[in-house]
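Below is one structure, written out as structure tokens, with a few remarks after it.
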Amino acid sequence: MPTFFGRRYARSLEQVGRGEQVVGAVILLLTAGIVVAFVAQLRSGPEVAFEAGTMDTRARSGPLRLLSSAPDGWHAPNQIDTYGPDELYQKIDGRADTYLEHGCRGLTFGTYTAKDNPERTVDVYVFEMRTPGDAEAVYRLEKPAEADAVSLGTGAYGAGSAVFFYEQAYYVHVLPAGGDAAEAAAAREIAARVVEELRRGSARSEAATEARGRGVMRRAGRGQE
Amino acid sequence: MAAGLAGAGGYWLRERSPEAHDALRGQPPSLVLRDYFAPVTLPPDAPRIAVAIGDEGQFEALVRAALAGLDRERGVRRFIGPNDVVLIKPNVGFDRPPAMGATTHPELVRWLVRLCREAGAREVLIADYPIESPEACFARSGIARVAGEEGARVVSATPRDFAAVSVRWALAGSLLSGWPVFVEPLRRATKLIGIAPVKDHNLSRASITLKNWYGLLGGRRNQLHQAIHEVISDLAVLFSPTFVIADGTRVMLTNGPTGGRSTDVRPGGVLGRSVVVAATDPVACDAWCYENLLGRDPAELTYLKLARQKVATAAALGRCGFGESDWRAYNRQGLIVTTHV
Numbered sequence: 000m001p002t003f004f005g006r007r008y009a010r011s012l013e014q015v016g017r018g019e020q021v022v023g024a025v026i027l028l029l030t031a032g033i034v035v036a037f038v039a040q041l042r043s044g045p046e047v048a049f050e051a052g053t054m055d056t057r058a059r060s061g062p063l064r065l066l067s068s069a070p071d072g073w074h075a076p077n078q079i080d081t082y083g084p085d086e087l088y089q090k091i092d093g094r095a096d097t098y099l100e101h102g103c104r105g106l107t108f109g110t111y112t113a114k115d116n117p118e119r120t121v122d123v124y125v126f127e128m129r130t131p132g133d134a135e136a137v138y139r140l141e142k143p144a145e146a147d148a149v150s151l152g153t154g155a156y157g158a159g160s161a162v163f164f165y166e167q168a169y170y171v172h173v174l175p176a177g178g179d180a181a182e183a184a185a186a187r188e189i190a191a192r193v194v195e196e197l198r199r200g201s202a203r204s205e206a207a208t209e210a211r212g213r214g215v216m217r218r219a220g221r222g223q224e
Numbered sequence: 000m001a002a003g004l005a006g007a008g009g010y011w012l013r014e015r016s017p018e019a020h021d022a023l024r025g026q027p028p029s030l031v032l033r034d035y036f037a038p039v040t041l042p043p044d045a046p047r048i049a050v051a052i053g054d055e056g057q058f059e060a061l062v063r064a065a066l067a068g069l070d071r072e073r074g075v076r077r078f079i080g081p082n083d084v085v086l087i088k089p090n091v092g093f094d095r096p097p098a099m100g101a102t103t104h105p106e107l108v109r110w111l112v113r114l115c116r117e118a119g120a121r122e123v124l125i126a127d128y129p130i131e132s133p134e135a136c137f138a139r140s141g142i143a144r145v146a147g148e149e150g151a152r153v154v155s156a157t158p159r160d161f162a163a164v165s166v167r168w169a170l171a172g173s174l175l176s177g178w179p180v181f182v183e184p185l186r187r188a189t190k191l192i193g194i195a196p197v198k199d200h201n202l203s204r205a206s207i208t209l210k211n212w213y214g215l216l217g218g219r220r221n222q223l224h225q226a227i228h229e230v231i232s233d234l235a236v237l238f239s240p241t242f243v244i245a246d247g248t249r250v251m252l253t254n255g256p257t258g259g260r261s262t263d264v265r266p267g268g269v270l271g272r273s274v275v276v277a278a279t280d281p282v283a284c285d286a287w288c289y290e291n292l293l294g295r296d297p298a299e300l301t302y303l304k305l306a307r308q309k310v311a312t313a314a315a316l317g318r319c320g321f322g323e324s325d326w327r328a329y330n331r332q333g334l335i336v337t338t339h340v
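Line order of the protein sequences matches chains X and U. Using numbering that gives the first Met the number 0, you'd call the opening residue of the first sequence number 0 and step up by one each time. Using numbering that gives the first Met the number 0, you'd call the opening residue of the second sequence number 0 and step up by one each time.
Here it is as structure tokens:
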């Protein structure tokens, strides 16, 4: 009987003892089980990391483009995290239910960093809601009564140095780490750029965040400026 | 050999899955958490709640005053002694900077670590299990940096550090019975201190010292949201800390527990000044903070009512500690002290 490396067994299959057959079968089953578990683990992994451009899937390139443009003196996020409805709690545990009740389909998150000080940051949360009405509803739910209106998107306000707005079916938080004037100005500028990208369809033209689920995207090289 | 390598690889990946400890669920609880309050001997008239009120930035003075208030004679030395291994459990649940008030202020953690050291603690551990990237949360909160500067050790969680625990004291039917808990640092510690920001919470209405223990639960804990008040009240019995501290330096009054707006946060909440509250009765501490910092009526807070009942049941069965959701009862007995720093 032919085998690996052209060797031949000295015995025919009928001559293999029952014990050897059982051991062989167990080894084959174990190997198959390990392979199945390995594949299942890889498929169910909580994060999918990839370089922009290395996977030509429109669903994944959208968030990178959405948060690609940074003001002078700032780096755009070099990592974008996406969360589907089932993973939203991982980012905003305790608050996720409110968003889900308003039809949240997912979240895209990234952090802009000041070139002169990496501790100065601006976080951007882009919540993709089911409809523009849902985006407006959750925006109004969270809006403080005394908030200062800002001319941005369909509706916007400032709270300290942070900016909150909705545009189409998106509700967006732009949150500087601190409260100084430079960060506040950067937050306004970043918010304006995100509005621009949303109007260009950077997010809408791609598959929904919901379909992307939990993912981590990294730009090849430093973020755009 | 290939099968062996594949097996080893699969095991390695599986061990690193954040949900790996879900497998613990349903197993018989094998561990009973220690009662960290039991070794403390308090005089009967010792304050249960000590409130320190000051200005923004007075972190050292606020922590010292609050802890001195719990024991005028010995301060923190009443609770922490030589050779203690102290576990500090802050709220590091979000990847947000300190100013947003979603996490415990790092400077309070700094001074708590120092006071534990001054009292002779052999080692100070800091642990939390954020659902988000723990590294990012500890870094952004400033607590990783403070821990490094003060010689405390941040204990990172791996799936092997979780175990199903027994919810003692006749709390049969608790959702937490058999739930995976980040036990490794608890096993090592001889004293346990919870230090939590005071926050509005979308589901439970408040996140203070009792909800803080939620951060040591593993598994898909968002599933517990369906019965949030039951779960938080169970935490009042499951965890028996040496003492707790409520961080009222930035109280999140709205849009909790994440916040994000400067208008969501105010020093001392409705009190309007920075506050640090130390307490040996976590239930009363939450009640005090709910009324005096969040400006709401504790009688309407379901988890407090449940916690009071459960702690009373546990006490009747021999557990140490208190569980007074009516902080005014302590006030009438002179068991609340307030210090202006």
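From the three backbone atoms N, C-alpha and C, an ideal C-beta is built for every residue, glycine too. The structure displayed is predicted, hence computed values, not measured ones.
Whose Cβ in chain X lies nearer than 7 Å to the Cβ of P256(U)? On the second sequence, position 257 is the one that residue 256(U) refers to. Residues of chain X passing the Cβ test: G93, R94.
Does DSSP classify C288(U) as helix, strand or coil? Here residue 288(U) refers to the residue found at position 289 of the second sequence. Here C288(U) sits in helix by DSSP.
So with CB distances below 8 Å, who are the chain U contacts of T107(X)? Along the first sequence, one-based indexing puts residue 107(X) at 108. By Cβ distance, chain U contributes nothing, its closest Cβ being about 15 Å from T107(X), past 8 Å.
Would you say A97(X) faces chain U, with C-beta separation under 9 Å as the test? Looking up residue 97(X) in the first sequence gives position 98. One point to set straight first is that residue 97(X) is Thr, not Ala, in the sequence displayed. Yes, because at least one Cβ of chain U sits closer than 9 Å to the Cβ of T97(X).
Listing by chain order, which chain U residues have their CB less than 9 Å from the CB of G177(X)? Start at 1 with the first residue of the first sequence, and residue 177(X) comes out as number 178. By Cβ distance, chain U contributes P96, A98.
Secondary structure at W212(U), three-state DSSP: helix, strand or coil? In the second sequence, counting from the first residue as 1, residue 212(U) sits at position 213. The answer is helix: DSSP assigns W212(U) an H, G or I state.
Could you check if L209(U) is buried or exposed, using at least 16 other CB atoms within 10 Å of its CB as the buried criterion? Position 210 of the second sequence, counted from the start, is the residue given in the question as residue 209(U). Buried: at least 16 other Cβ atoms inside 10 Å.
Verify the CB distance criterion: does P84(X) have a CB-CB separation below 9 Å to chain U? To locate residue 84(X), count along the first sequence from 1; it is residue 85. No, because no Cβ of chain U sits closer than 9 Å to the Cβ of P84(X).
Given this structure, state the Cα-to-Cα distance separating E86(X) from R219(U), to the nearest angstrom. On the first sequence, residue 86(X) is found 87 positions in, with the first residue counted as 1. On the second sequence, residue 219(U) is found 220 positions in, with the first residue counted as 1. Taking the straight line from one Cα to the other gives about 10 Å.
My assumption, with CB atoms under 8 Å, is that Y289(U) sits in contact with A205(U). Please give the rounded CB distance. For the purposes of this step, residue 289(U) is identified with residue 290 of the second sequence, where counting begins at 1. For the purposes of this step, residue 205(U) is identified with residue 206 of the second sequence, where counting begins at 1. With 8 Å as the limit, Y289(U) and A205(U) qualify as a contact, their Cβ atoms being about 5 Å apart.
List the endpoints of the continuous alpha helix (DSSP H) containing Y165(X). Working through the first sequence from its first residue, we reach residue 165(X) at position 166. First-last for Y165(X): 161 to 166, but that is the beta strand (DSSP E), not the alpha helix (DSSP H).
Suppose you measure from the CA of D92(X) to the CA of L303(U); what does that come to, to the nearest Å? On the first sequence, position 93 is the one that residue 92(X) refers to. On the second sequence, position 304 is the one that residue 303(U) refers to. Cα-Cα distance, rounded: 21 Å.
Local conformation of P175(X) per DSSP, three classes: What you label residue 175(X) is simply residue 176 of the first sequence in a count that begins at 1. Strand.
Please go through the same chain and pick out, in chain order, the residues whose beta-carbon is closer than 6 Å to the beta-carbon of E135(X), but skip the five residues on each side of it. Stepping through the first sequence from its first residue, residue 135(X) is reached at position 136. Taken in chain order, the residues that qualify are Y165.
DSSP has D246(U) in a bridge; who is on the other side? Position 247 of the second sequence, counted from the first residue, corresponds to residue 246(U). DSSP, once it has assigned bridges, lists P196(U), V275(U) as partnering D246(U).
How would you list, in chain order, the residues of chain X whose beta-carbon sits under 7 Å from the beta-carbon of R260(U)? As a first step, residue 260(U) is located in the second sequence; it is residue number 261 there, counting from the start. Within 7 Å Cβ-Cβ: P143, A158, G159, A161.
Could you list the residues in the segment 122 to 133 of chain U with a C-beta less than 8 Å from some C-beta on chain X, going in chain order? I130, E131
Helix or strand or just coil, what does DSSP make of C319(U)? Taking the second sequence and counting its residues from 1, the one referred to as residue 319(U) is at position 320. Looking at C319(U) - three-state DSSP - the assignment turns out to be coil, as it is neither helix nor strand.
How big is the Cα-Cα spacing for V164(U) and R33(U)? One-based indexing of the second sequence puts residue 164(U) at position 165. One-based indexing of the second sequence puts residue 33(U) at position 34. One C-alpha to the other measures close to 11 Å.
Sequence-distant residues of the same chain with beta carbon closer than 6 Å to E183(U), five excluded per side: For the purposes of this step, residue 183(U) is identified with residue 184 of the second sequence, where counting begins at 1. These residues qualify, in order along the chain: D160.
Residue closest to T120(X), alpha-carbon to alpha-carbon, out of M128(X), E127(X), G109(X): As a position in the first sequence, residue 120(X) is number 121, starting the count at 1. The residue with the shortest Cα to Cα distance from T120(X) is G109(X).
Are the segment 89 to 105 of chain X and the segment 62 to 75 of chain X in contact at 8 Å, needing three or more beta carbon pairs? no
For L202(U) and chain X, any beta-carbon pair shorter than 9 Å? What you label residue 202(U) is simply residue 203 of the second sequence in a count that begins at 1. So yes, L202(U) belongs to the interface.
The beta strand (DSSP E) that contains L86(U), what's its start and end? Within the second sequence, residue 86(U) is the residue found at index 87, counting from 1. Unbroken beta strand (DSSP E) run through L86(U): 84 to 89.
Closer than 7 Å at the beta carbon, the chain U residues around K90(X): Within the first sequence, the letter at position 91 stands for residue 90(X). What K90(X) touches in chain U: E131.
Can you confirm whether L174(X), when its beta carbon is compared against all beta carbons of chain U, has any partner nearer than 9 Å? Within the first sequence, numbered from 1, the residue matching residue 174(X) stands at position 175. So yes, L174(X) belongs to the interface.
Closer than 8 Å by C-beta to I335(U): which residues in its own chain qualify, once you throw out the five before and the five after it? Chain order, please. Within the second sequence, residue 335(U) is the residue found at index 336, counting from 1. For I335(U), where only same-chain residues beyond five positions count, the Cβ hits under 8 Å are P46, R47, I48, A49, V50, W287, W326, Y329.
Which chain X residues sit within Cβ distance under 9 Å of G92(U)? The residue given as residue 92(U) occupies position 93 in the second sequence. What G92(U) touches in chain X: D92, G93.
Nearest CA to the CA of Y124(X): which residue from P297(U), T257(U), L114(U)? For this step, residue 124(X) is matched to residue 125 along the first sequence. Selected option, being the one with the closest Cα: T257(U).
Helix or strand or just coil, what does DSSP make of R119(X)? For the purposes of this step, residue 119(X) is identified with residue 120 of the first sequence, where counting begins at 1. It is a strand residue.
CB contact flag (Y56(U), S273(U), <9 Å): Reading the second sequence from its first residue, position 57 is the one you call residue 56(U). Reading the second sequence from its first residue, position 274 is the one you call residue 273(U). As written in the sequence, residue 56(U) is Gly, which differs from the Tyr given in the question. Cβ distance < 9 Å, so G56(U) and S273(U) count as in contact.
Quick one: what's V73(X) bridged to in DSSP? Here residue 73(X) refers to the residue found at position 74 when the first sequence is read from its first residue. Correcting the residue type first, residue 73(X) is Trp in the shown sequence and not Val. According to DSSP, which records beta bridges pairwise, W73(X) is partnered with A113(X).
Would R94(X) pass as a contact of N254(U) if the rule is Cβ separation under 9 Å? On the first sequence, position 95 is the one that residue 94(X) refers to. On the second sequence, position 255 is the one that residue 254(U) refers to. Result yes, Cβ atoms of R94(X) and N254(U) sit closer than 9 Å.
Starting from T337(U), trace the beta strand (DSSP E) both ways and give me its first and last residue. For this step, residue 337(U) is matched to residue 338 along the second sequence. Taken as a continuous stretch (DSSP letters only), the beta strand (DSSP E) holding T337(U) covers 335 to 339.
Please report the Cβ distance between V250(U) and L292(U), rounded to the nearest whole angstrom; I am assuming they are in contact, meaning their Cβ atoms lie under 8 Å. As a position in the second sequence, residue 250(U) is number 251, starting the count at 1. As a position in the second sequence, residue 292(U) is number 293, starting the count at 1. Indeed, because the Cβ distance is near 5 Å, the residues count as touching under 8 Å.
Cutoff 6 Å; reference H104(U); Cβ partners in own chain excluding five residues on either side: For the purposes of this step, residue 104(U) is identified with residue 105 of the second sequence, where counting begins at 1. So the qualifying residues of the chain are P97, D246, T248.
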